[in-house]
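A short write-up of the structure that comes next.
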Amino acid sequence: MLRSLAIRDFTIIERLELEFEAGFGAITGETGAGKSILVDALAQLLGDRGDSTLAAEGSSQADLTAAFELDPDHPAQAWLAGQAMEADELLLLRRVIPAEGSSRAWVNGQPVTIAQLRELGRLLVEIHGQHEHQRLGQSTHQRQWLDRQIESAVLERVTETAGRHASAVAALESLLAEAGNPTERELVEFQLRELDKLGLAEGELEQLEIEQRRLASIDDLQRGTSLALEALSGDDENSAGHRVNQALRAIQALTDREPELIEAGEMLASAAVNLEEAARSVQRLQDTLEHDPERLAAIEGRLARVLELARKHRIEPAELPARTAELRRRLDRMSAFDEQRGTLESAVAQAQQAWREEARTLNLSRRKAAERLGAEVERALTELGMQEARVEFTIEHDPDAVVNRHGADRVEILFSANPGQSPRPLSRIASGGELSRFSLALIIAAGESGRGTVRIFDEIDAGVGGETAHAVGRFLRRAGRGGQALCVTHLAQVAACADSQWKVSKSGHKGRTRVELQPLDAAGRIDEIARMLGASGSEAARRHAEVLLEQGRDSNAPRQP
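The following block contains the structure:
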């Protein structure tokens, strides 16, 4: 429930601090006193759209604060937990609207966005006024009222199957996007054919480049290896092999007389062996060297093709084998597309069929609930002085409706206030009084009292009077049971039914208009209700006010006209 509301520099309210109690509270005052400004301030705290013009003239900002008392199982507790905010029995909302710049908001001292404030506000307070009347004419809003009468499991199954369908559709769309169009597949197939025809193996490029260099320089290799062999082991006495062997023999002849030459002899012996091995290695290479222009042309042609395809794919030549494998995997995925698409299309169809079955079940539940709710609303309207009122719910089921979480029905409330008049859509009802009473009857008939809910009624009694006003007051009293209902009213009969009452007054001070709100005690309520009856100065009006207050406390008492 709403425990307190503090307003500072908001429009024409300079400073106001209010304490509230459970039950039905009435806010009264003369016309133009600013009663609805309190509702506007609370709406801002609940995330309503606002702008800098709401800050009082001459002030830097409007500052609004509200405290709510929450039960442990209140839906707002779950919201706070979901936002990783500390939950407590007392919830504090604050919003600052500067004269320049964007507004800011806090929940329990933590900064939040206005969107978050709006989400939380919907869980805390329902404001019923002229805007609510406009919403009541909307099919979507009417469906929401009806669905409150339906077992939650029925609605949850529709939501669950709609979610399953959405997931299946998303998976299918993802597959279609990945598979690409036929042109893209043709391109992949063409590129893969080119690379497969090339058939470049891993590591082959390096071998081709080595062989190409050898064949391209065959004359230089033959000439160089011949010179090397001649220098290493030729018949010339100046060849390296001959000179090393000559030195080795000379050293070996001296080692028995000079041991220090043994190491030198060993090194020369090793050098002689290495020279022989080097000569044999060069000879083996030379034996393979022969001119092969056809092989050279083939290798150079293959290397040119490798470079051409590498440029086409914008990669390094050595990366072509990996590119081939990548394209093959991609084509495999595309080739499996038809099978996967069939599987996913089947999943979409199954989810859609499951949703349609649940939507039909929901349709039956709505029809049964509509009969009950329509009858209850008619009973409530009878108490509100509309004995001839007729209420009907039309529920049009669309078997081809697009899958959504609300089902396949279009709900519309038809209403007739007078005998002989065919029920018409609520949106075509011109009378504000009729809409006010219908809205209140719907709240009561739908069992919307209690549940720890805070409801604000902004002149919901517009266009009614007399005994009907008594009935409105009784209904508002019922709406506050187990929770809290606050009503801005100009009717004495309605205010008399309240558990508590505040009077709004407006005055001028230092060139500024000030709005004040005063809680009324028993005597103050008598005076205010007498004023509302139009004869505040007479004793008869005061006695009439006392009777109304007594009747308001006792719903079974006969009504004072």
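Heads up: the sequence shown runs through residues 1001 to 1561, numbered per the working numbering.
Note that CB positions come from ideal geometry on N, CA and C, so glycine has one too.
Remember, it's a predicted structure, so these values are computed and weren't measured experimentally.
Neighbourhood of residue i by C-beta distance below 6 Å, restricted to the same chain and skipping five residues each side
i	result
residue 1407	1158, 1359 and 1362
residue 1209	none
residue 1008	1015 and 1063
residue 1045	1064, 1066, 1093 and 1095
residue 1459	1488
Limits of the unbroken alpha helix (DSSP H) element including residue i
i	result
residue 1338	1337-1383
residue 1049	From DSSP, residue 1049 is part of no alpha helix (DSSP H); its letter is neither H nor E.
residue 1244	1240-1252
residue 1299	1293-1313
residue 1141	1139-1147
residue 1183	1182-1198
residue 1468	1466-1479
Simplified DSSP state of residue i, which is helix, strand or coil
i	result
residue 1611	For residue 1611 there is no data in the structure shown, the boundaries of the chain being 1001 and 1561.
residue 1527	helix
residue 1072	coil
residue 1455	strand
residue 1278	helix
residue 1435	helix
residue 1425	strand
residue 1287	helix
residue 1266	helix
residue 1061	strand
residue 1554	coil
residue 1450	Confidence is the limiting factor: at residue 1450 the pLDDT is only 47, short of 50, which leaves the residue's position unreliable, though a coordinate-based value still follows. In this structure, residue 1450 counts as coil in the three-state DSSP scheme.
residue 1024	strand
residue 1491	coil
residue 1203	coil
residue 1034	coil
residue 1560	Low per-residue confidence applies at residue 1560: pLDDT is 45, beneath 50, and the placement is therefore not dependable, though the value from the model is reported in the following sentence. Here residue 1560 sits in coil by DSSP.
residue 1152	helix
residue 1260	coil
residue 1112	strand
residue 1225	helix
residue 1316	coil
residue 1218	helix
residue 1533	coil
residue 1419	coil
residue 1548	helix
residue 1508	strand
residue 1541	helix
Close-in-space but distant-in-sequence residues of the same chain around residue i (CB under 7 Å, 5 per side omitted)
i	result
residue 1283	1229
residue 1396	1409 and 1410
residue 1344	1168, 1171, 1172 and 1175
residue 1330	1188
residue 1120	1076, 1079 and 1107
residue 1554	none
residue 1541	1530, 1533 and 1535
residue 1414	1392, 1394, 1423, 1424 and 1425
residue 1087	1077, 1080 and 1081
residue 1043	1127
residue 1405	1158, 1159 and 1162
Unbroken beta strand (DSSP E) run spanning residue i, endpoints
i	result
residue 1008	1002-1010
residue 1104	1104-1107
residue 1017	1013-1019
residue 1516	1512-1519
residue 1409	1409-1416
residue 1390	1390-1397
residue 1127	1125-1128
Supposed close pair residue i, residue j - CB separation, criterion 8 Å
i	j	result
residue 1300	residue 1207	About 14 Å separates the two Cβ atoms, so there is no contact after all.
residue 1092	residue 1067	5 Å
residue 1094	residue 1065	5 Å
residue 1026	residue 1513	The Cβ separation is near 23 Å, so there is no contact.
residue 1351	residue 1161	6 Å
residue 1034	residue 1504	6 Å
residue 1214	residue 1221	7 Å
residue 1275	residue 1244	6 Å
residue 1050	residue 1013	The pair is not a contact, with the Cβ atoms about 14 Å apart (cut-off 8 Å).
residue 1445	residue 1523	Incorrect: roughly 37 Å between the Cβ atoms, too far for contact.
Contacting residues, own chain, Cβ-Cβ under 8 Å from residue i (five flanking each side not counted)
i	result
residue 1310	1316, 1317, 1319 and 1320
residue 1384	1437, 1440, 1441, 1464, 1468, 1471, 1472 and 1475
residue 1290	1218
residue 1265	1248, 1251, 1252 and 1255
residue 1058	1512
Check whether the segment 1487-1501 touches the segment 1014-1025, taking contact to mean three or more Cβ pairs, one atom from each stretch, closer than 8 Å.
The segment 1487-1501 makes contact with the segment 1014-1025; the number of CB pairs closer than 8 Å reaches 3 or more.
The segment 1476-1494 in contact with the segment 1455-1467 per 3-pair CB rule at 8 Å
Contact between the segment 1476-1494 and the segment 1455-1467 is present: three or more C-beta pairs spanning the two stretches fall below 8 Å.
Pair every Cβ in the segment 1509-1529 with every Cβ in the segment 1483-1498, then say whether three or more of these pairs are closer than 8 Å.
Counting Cβ pairs under 8 Å, three or more are found: they touch.
Segment contact, 8 Å Cβ cut-off, at least three pairs: the segment 1413-1429 with the segment 1178-1190:
No: the two stretches stay apart, fewer than three of their Cβ pairs being nearer than 8 Å.
Below 8 Å, can you find three or more Cβ-Cβ pairs linking the segment 1256-1265 to the segment 1163-1173?
Here the segment 1256-1265 makes no contact with the segment 1163-1173; the two share fewer than three CB pairs at distances below 8 Å.
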